[in-house]
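Heads up: the structure comes next, in structure tokens.
2 protein chains.
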Amino acid sequence: MYYPEPIAKLIDSFTRLPGIGPKTAARLAFHVLRMEEDNVIDFAKALVSVKRNLFYCSICCNITDTDPCSICQDKSRNETVICVVQETKDLVALERMKEFNGYYHVLQGAISPMEGIGPDQIKIAELLRRLGDDTVKELILATNPNIEGEATAMYLSRLIKPFGIRVTRIAHGLPVGGDLEYADEVTLSKALEGRRELD
Amino acid sequence: MYYPEPIAKLIDSFTRLPGIGPKTAARLAFHVLRMEEDNVIDFAKALVSVKRNLFYCSICCNITDTDPCSICQDKSRNETVICVVQETKDLVALERMKEFNGYYHVLQGAISPMEGIGPDQIKIAELLRRLGDDTVKELILATNPNIEGEATAMYLSRLIKPFGIRVTRIAHGLPVGGDLEYADEVTLSKALEGRRELD
Numbered sequence: 001m002y003y004p005e006p007i008a009k010l011i012d013s014f015t016r017l018p019g020i021g022p023k024t025a026a027r028l029a030f031h032v033l034r035m036e037e038d039n040v041i042d043f044a045k046a047l048v049s050v051k052r053n054l055f056y057c058s059i060c061c062n063i064t065d066t067d068p069c070s071i072c073q074d075k076s077r078n079e080t081v082i083c084v085v086q087e088t089k090d091l092v093a094l095e096r097m098k099e100f101n102g103y104y105h106v107l108q109g110a111i112s113p114m115e116g117i118g119p120d121q122i123k124i125a126e127l128l129r130r131l132g133d134d135t136v137k138e139l140i141l142a143t144n145p146n147i148e149g150e151a152t153a154m155y156l157s158r159l160i161k162p163f164g165i166r167v168t169r170i171a172h173g174l175p176v177g178g179d180l181e182y183a184d185e186v187t188l189s190k191a192l193e194g195r196r197e198l199d
Numbered sequence: 001m002y003y004p005e006p007i008a009k010l011i012d013s014f015t016r017l018p019g020i021g022p023k024t025a026a027r028l029a030f031h032v033l034r035m036e037e038d039n040v041i042d043f044a045k046a047l048v049s050v051k052r053n054l055f056y057c058s059i060c061c062n063i064t065d066t067d068p069c070s071i072c073q074d075k076s077r078n079e080t081v082i083c084v085v086q087e088t089k090d091l092v093a094l095e096r097m098k099e100f101n102g103y104y105h106v107l108q109g110a111i112s113p114m115e116g117i118g119p120d121q122i123k124i125a126e127l128l129r130r131l132g133d134d135t136v137k138e139l140i141l142a143t144n145p146n147i148e149g150e151a152t153a154m155y156l157s158r159l160i161k162p163f164g165i166r167v168t169r170i171a172h173g174l175p176v177g178g179d180l181e182y183a184d185e186v187t188l189s190k191a192l193e194g195r196r197e198l199d
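Here it is in structure tokens:
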């Protein structure tokens, strides 16, 4: 037995998404069948629109629907600081904090020899272009605290320090609200290494 | 900070699906961004098609894109038996077994006073209409083994027995491959009650 073709196709499309197996896909497809038609059409339009109306910002390489993106357009920010992140999601996480007032650069990935991603596959050339005039004084490397992120940070640091720009790395340590007991050794050792005087 | 509008809209659409929270929705939306455009368009078309091209079979009330549905069109089946299920998913599960050769009737729900669903809200009238001539000899009630399913089975049984049609209920008992130790008391008691002679 088979599902009617429209349902089978939708189940197939859902299974292509990460973390969605055939049973969940079937459940979602039957849910769509019961949704209001307007909502389903909005969903379909949103899918296509994401593919068609988004591109990389010509300055910071963030994903955007306007060029330059809304952050690069914002003249009230501190133009002497650029925070380098791997993905748009990371930028959103930092923006949610509402404390950082500089600009961003989104690498759209990290150096990963295992996956065959070298410095040329991510947006490093675009970053260097932004450092051409002497506006930028500090580059904050906020790539992920894992092997690829660290390797990318190391690479960028060596590449950019000769420009005479201050290159910093976000701190590693215990997450706030975390439990010392459950911290892994590397985090603990980084937390010790990065200890600061109390004032 | 916000996501660019097309992404925000897609995240919003994904969050409307059952079991998908904002974090998963964001992950799925970014995945869509990286999918091939053709696949995304197929996905969008599948969504709309499910809403527009599916309807209830005029005979068995199954969801279908042809009328009558492919099962009701199949003249090789045994027309004296109808198996009553709650949902298309249940029908698919039974068909996967490849052993049942009769026709189906899909109630599209179960009687549930708690949710305000009475006999008129599910496809019972359509079922009675099929019992008008004397073709059908047996009605197998394969509604779910939970309160709503049992109530529906009980209701149908009382309603249809006076027609002189054999009304049966699928067996309750221990699932094959299950562990007696972990079975709940109701299932165990049903398994005992339904015990059969070994031959």
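Protein chains in written order, with UniProt numbering: chain A, 1 to 199; chain B, 1 to 199.
From the three backbone atoms N, C-alpha and C, an ideal C-beta is built for every residue, glycine too.
Checklist entry - Taking the beta strand (DSSP E) that B:T152 falls in, what are its first and last residues? => result Looking at the DSSP string, B:T152 is not in any beta strand (DSSP E); the run it does join, the alpha helix (DSSP H), is I147 to I160.
Next on the checklist: For B:M1 and A:G132, I'd like the C-alpha separation in whole angstroms.
Outcome noted: Confidence at B:M1 is low in this model, with a pLDDT of 49, below 50, so the placement of that residue is unreliable and no value is reported for it.
Checklist entry - Closer than 9 Å, CB to CB, is B:E185 near chain A or not? => result No, B:E185 lies away from the interface with chain A (no Cβ there is under 9 Å from its Cβ).
Item to check | B:A44: contacting residues in chain A (beta-carbon distance under 7 Å) | outcome: For B:A44, the chain A residues whose Cβ falls inside 7 Å of its Cβ are A44, L47 and V48, in order along the chain.
Checklist entry - Does the region 5–12 of chain A come close enough to the region 171–185 of chain A that 3 or more CB-CB pairs lie under 8 Å? => result No: the two stretches stay apart, fewer than three of their Cβ pairs being nearer than 8 Å.
Item to check | Contact set between B:P4 and chain A, taken where Cβ atoms lie within less than 7 Å | outcome: Contact note: B:P4 reaches chain A through L54, I63, T64 and D65, using a C-beta cutoff of 7 Å and chain order.
Checklist entry - With distances taken from CA atoms, which of B:S58, B:R16 and B:A25 is nearest A:E36? => result The shortest Cα separation from A:E36 among B:S58, B:R16 and B:A25 belongs to B:R16.
Item to check | Proximity test, Cβ basis, 9 Å: A:H31 and chain B | outcome: True, the Cβ-Cβ gap to chain B drops below 9 Å.
Next on the checklist: Quick test of your reading: A:A26 and B:K137, contact by CB under 8 Å. State the CB separation rounded to the nearest angstrom.
Outcome noted: Actually they do not touch by this definition, with Cβ atoms about 33 Å apart.
Checklist entry - How is the alpha helix (DSSP H) around A:L188 delimited, first residue to last? => result Bounds of the alpha helix (DSSP H) holding A:L188 are E185 to E193.
Checklist entry - Would you say A:L17 reaches chain B, if we count a Cβ-Cβ gap shorter than 9 Å as a contact? => result Interface criterion met: the Cβ of A:L17 is under 9 Å from a Cβ in chain B.
Next on the checklist: At the 9 Å Cβ level, is A:K89 part of the contact set with chain B, yes or no?
Outcome noted: With a threshold of 9 Å between beta carbons, A:K89 makes contact with chain B.
Item to check | the region 158–175 of chain A contacting the region 188–198 of chain A, beta-carbon criterion three pairs below 8 Å | outcome: Look at the beta carbons and you see the region 158–175 of chain A touching the region 188–198 of chain A: at least three pairs across the two are nearer than 8 Å.
Item to check | the region 132–155 of chain A: positions lying closer than 8 Å to chain B by Cβ | outcome: Residues of the region 132–155 of chain A with a Cβ closer than 8 Å to any Cβ of chain B: none.
Next on the checklist: Using the three-state DSSP reduction, which class does A:F55 fall into: helix, strand or coil?
Outcome noted: Of the three classes helix, strand and coil, the one that applies to A:F55 here is strand, per DSSP.
Checklist entry - Taking just the CA atoms, how far does B:P145 sit from B:R169? => result Their Cα atoms are separated by approximately 10 Å.
Checklist entry - How many whole angstroms separate the CB atoms of B:I103 and B:C60, which I take to be in contact at a CB cut-off of 8 Å? => result One detail in the question is off: residue 103 of chain B reads as Tyr in this sequence, not Ile. Taking 8 Å as the upper bound for CB-CB distance, B:Y103 and B:C60 are in contact here, some 6 Å apart.
Item to check | 8 Å Cβ cut-off: residues of chain B touching A:V40 | outcome: The contact set of A:V40 on chain B, defined by CB atoms closer than 8 Å, consists of L47, V48, V50 and K51 in chain order.
Item to check | Residue burial classification, A:N101 (beta-carbon count within 10 angstroms, cutoff 16) | outcome: Under this definition A:N101 is an exposed residue.
Checklist entry - How would you list, in chain order, the residues of chain A whose beta-carbon sits under 7 Å from the beta-carbon of B:E37? => result Chain A residues near B:E37: K51.
Checklist entry - CA-CA distance, A:A142 and A:Q86? => result So the two alpha carbons sit approximately 8 Å from each other.
Checklist entry - Thinking C-beta only, is A:L54 closer than 9 Å to A:D65? => result Closer than 9 Å, so yes.
Next on the checklist: So, at 8 Å on beta carbons, what are the nonlocal neighbours of A:N149 in its own chain, with the 5 sequence-adjacent residues on each side left out?
Outcome noted: Just to set this straight, residue 149 of chain A is Gly in the shown sequence, not Asn. Scanning its chain for C-beta atoms nearer than 8 Å, with the 5 sequence neighbours on each side dropped, one finds around A:G149 the residues Q86, A110 and T143, in chain order.
Item to check | residue 200 of chain A at chain B interface by Cβ criterion, 9 Å | outcome: The displayed coordinates of chain A run from 1 to 199. Any statement about residue 200 of chain A would go beyond what the structure contains.
Checklist entry - DSSP puts A:L141 in a beta bridge; with which residues? => result Answer by DSSP bridge pairing, in chain order: A:V84 and A:R169.
Next on the checklist: Excluding the 5 residues flanking B:P22 on each side, which residues of the same chain have their C-beta closer than 8 Å to its C-beta?
Outcome noted: So the qualifying residues of the chain are I11 and T15.
Next on the checklist: Helix, strand or coil for B:T135? Go by DSSP, reduced to three states.
Outcome noted: If DSSP states are grouped into helix, strand and coil, B:T135 belongs with coil.
Item to check | Residues bridged to A:V106 (per DSSP) | outcome: Answer by DSSP bridge pairing, in chain order: A:V85.
Checklist entry - What is the residue span of the alpha helix (DSSP H) that B:R129 lies within? => result From DSSP, the alpha helix (DSSP H) with B:R129 extends over I124 to R130.
Checklist entry - Hey, A:H105 and A:R130 are a contact pair by Cβ (cut 8 Å); roughly how many whole angstroms apart? => result So it is a contact: roughly 7 Å between Cβ atoms.
Item to check | 9 Å Cβ cutoff, B:L28 in contact with chain A | outcome: The beta-carbon of B:L28 is placed less than 9 Å from the nearest beta-carbon of chain A.
Item to check | Alpha-carbon to alpha-carbon, A:Q121 and B:A29 | outcome: Cα to Cα, B:A29 sits roughly 22 Å from A:Q121.
Item to check | Bridge partners - B:S112, DSSP secondary structure assignment | outcome: The bridge partners DSSP lists for B:S112 are B:I117.
Next on the checklist: Measuring straight from C-alpha to C-alpha, what distance separates B:K98 and B:A151?
Outcome noted: Rounded to the nearest angstrom, the two C-alpha atoms are 28 Å apart.
Next on the checklist: With a threshold of 9 Å between beta-carbons, can B:S76 be considered close to chain A, or not?
Outcome noted: False, the Cβ-Cβ gap to chain A never drops below 9 Å.
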